[in-house]
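Novice:
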Amino acid sequence: MDVSNFLENFIRKESLFKNKSILQSSYNPDEIMHRDEQINNIAKVLAPALRQERPSNLFIYGKTGSGKTLSVHATIKQIQTLAQREGIPIKFIYINCKLKKVADTEYRLVAEITRHFGKSIPPTGLPTDEVYNIFYKALDQEKQTVILVLDEIDQLVKKIGDEVIYNLTRINTELKNAQLCLLGISNDIMFADNLDPRVKSSLSEEELVFPSYNALQIQDILKVRSQDAIKDGILEEGVIPKCAAYAAREHGDARRALELLRVAVELAERKGLVKITTKELDEAEEKIEKDRVLDIITTQPKQFQLVLYSILLLYDQRKQQNIIFTGEIYLLYKELCAKVNLRPLTQRRVSDVIAEFDLLGIINAKVISKGRYGRTREVSVVTNDTLNAKIKSLLEGALQLG
DNA sequence: CGAGATTCATGTGAAGTATACCTTTAGGCTTAA
DNA sequence: AAGCCTAAAGGTATACTTCACATGAATCTCGTA
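The numbering of the first sequence is my numbering, which starts it at 17 and goes up by one.
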């Protein structure tokens, strides 16, 4: 009865949001603030497409939440409407390379691209060459300019190397009708330094750097968006500046600032408050991190979870010197496997698993040499204790541990 | 005392294996003319 | 005879294993001052 009461109230009660979607990361605002120059530059580079000429490949750097993806999308949209009106064949393909199972191998990446042409590619079974062929054909079928946006391209290269990109940049030489333009987006400024020089030079025929927003700019953005997104007068004085300050601390991540605000309002709503204070912001910050980590963890395979569980268990035992080595992890992991009736992976594999968790940012794992005492990964946990406890109980449930 | 040589515990690359899934091909059966 | 379904054959990607070699600083060794 409490539940029905709650739900009843929920309907009656006015939402604190006017339009929540405006604060969600998928939202594309009509106007992007403080990015005019960048958008103009993108437009300049891509404009030749409107004359059926191949635009130079473009490479965009900038920290997370500096508006890269947004600006690209905005530019694309404008070009597209224009192209549509004039009947110019331009096609945009956007792929986020970060998504696991979408673009973490060469095959999967090319398959994913090809699917954007309406072809269906099986998840496995075809030779990679064949997938390339299908891609060529689909691409070259008609006279068109295709602009391929690879977001978080650094993640891709980190995983599978730069050969794919090389292949993609070279495709143009074999195309009769169509032309392909690559637009790479990277969070990692140093990324290009580790590229094969050939790849680097062809990928970044043009380069563009997105500076991070400063606290004031983030405040601007927050103000404008919150005006349309949430009810008037529910933000306590100082909430927006603090929110901006939080985000600016994290290298000016506007996306994070918006998320922070949205989650804070959600929390307030759930608590039945009518004012958002900085307290909600703090809670929101915690919740976001928690959700991010929990989300990653729950979607991992069992074996991975067990490895992580071992790490957390060891971390708890070692409060003082919270450094853990691969060998210990593997030992405990094997023990746990026996308990849960799981065939343990080899140490070789576990080594890779640990490296993957590092890449995901859930743990810190650094390869060190202990001199006479060998070589290992030095693993430490980055999450805080309350979150760890949460993760552990969650994993215990998922793995049916005692 | 200091320069090399040793050593340890794993990192790491390459090649091999199991599994899941794909396409192609060849029968075998059904169906319609 | 044409069409459709099924099963076998032949092929691939992926996750993982096996094998073998690479690492790199603490420690040891041994010649020398």
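Glycine included, every Cβ here is placed at the ideal spot set by N, Cα and C. Remember, it's a predicted structure, so these values are computed and weren't measured experimentally.
Starting from lysine 107 and walking both ways along the alpha helix (DSSP H), at which residues does that stretch end?
Specialist: It is not in any alpha helix (DSSP H) - lysine 107 instead sits in the beta strand (DSSP E) that spans 106 to 112.
Novice: Would threonine 1 be called buried (16 or more neighbouring beta carbons within 10 Å of its own) or exposed?
Specialist: One cannot answer for residue 1 here, as it falls past the ends of the chain, which runs 17 to 418.
Novice: In whole angstroms, give me the CA-to-CA distance for asparagine 112 and arginine 272.
Specialist: Straight-line Cα distance between these residues: approximately 18 Å.
Novice: Using alpha carbons as the reference points, say which of Ser42, Leu115, Asp401 and Pro71 lies closest to leucine 328.
Specialist: Here the closest residue by C-alpha is Asp401.
Novice: Would DSSP call aspartate 167 helix, strand or coil?
Specialist: Here aspartate 167 sits in strand by DSSP.
Novice: Is the segment 240 to 250 close to the segment 196 to 211, with three or more CB pairs under 8 Å?
Specialist: No, the segment 240 to 250 does not touch the segment 196 to 211.
Novice: Quick one: what's got a C-beta closer than 8 Å to leucine 324's C-beta in the same chain, skipping five residues either side?
Specialist: Cβ neighbours of leucine 324 beyond the five flanking positions: Ile313, Gln316, Phe373, Ile378, Ile379, Ile407 and Leu411.
Novice: Kindly confirm or deny that the segment 174 to 191 and the segment 95 to 108 touch, where touching means at least three C-beta pairs closer than 8 Å.
Specialist: The segment 174 to 191, when compared against the segment 95 to 108, does not touch it at the 8 Å Cβ threshold.
Novice: Let me confirm a value: serine 136 is counted as buried when at least 16 other C-beta atoms fall within 10 Å, else exposed. Which label applies?
Specialist: Exposed is the call here.
Novice: Figure out for me which residue from Lys335, Met206, Val369 and Arg334 has the closest Cα to the Cα of tyrosine 349.
Specialist: Comparing Cα-Cα distances from tyrosine 349 to each of Lys335, Met206, Val369 and Arg334, the minimum goes to Val369.
Novice: By how many angstroms is the C-alpha of serine 42 removed from the C-alpha of arginine 364?
Specialist: For arginine 364 and serine 42, the distance between alpha carbons rounds to 39 Å.
Novice: Which residues bound the alpha helix (DSSP H) around lysine 406?
Specialist: Note, lysine 406: alpha helix (DSSP H), 401 to 415.
Novice: Closest by CA to arginine 393, which one among Asn404, Ile340, Thr130 and Ser409?
Specialist: Nearest C-alpha to arginine 393: Ile340.
Novice: Pair every Cβ in the segment 171 to 182 with every Cβ in the segment 34 to 51, then say whether three or more of these pairs are closer than 8 Å.
Specialist: With the cut-off at 8 Å, the segment 171 to 182 and the segment 34 to 51 do not touch.
Novice: State the Cα-Cα distance for the pair alanine 119 and leucine 125, rounded to the nearest angstrom.
Specialist: Straight-line Cα distance between these residues: approximately 4 Å.
Novice: Confirm, please, whether the CB-CB distance from glutamate 299 to tyrosine 262 is below 8 Å.
Specialist: Their beta carbons are not under 8 Å apart, which means tyrosine 262 does not touch glutamate 299 by this criterion.
Novice: So, with DSSP's three-state summary, where would you put lysine 382?
Specialist: If DSSP states are grouped into helix, strand and coil, lysine 382 belongs with the strands.
Novice: State the start and end residues of the unbroken beta strand (DSSP E) segment that holds leucine 198.
Specialist: Looking at the DSSP string, the run of the beta strand (DSSP E) that includes leucine 198 is 195 to 202.
Novice: Alpha carbon to alpha carbon, how far is serine 37 from lysine 60? Give it in angstroms, no decimals.
Specialist: Rounded to the nearest angstrom, the two C-alpha atoms are 31 Å apart.
Novice: What residues match up with tyrosine 77 in a beta bridge as DSSP calls it?
Specialist: Beta-bridge pairing links tyrosine 77 to Ser202 and Val225.
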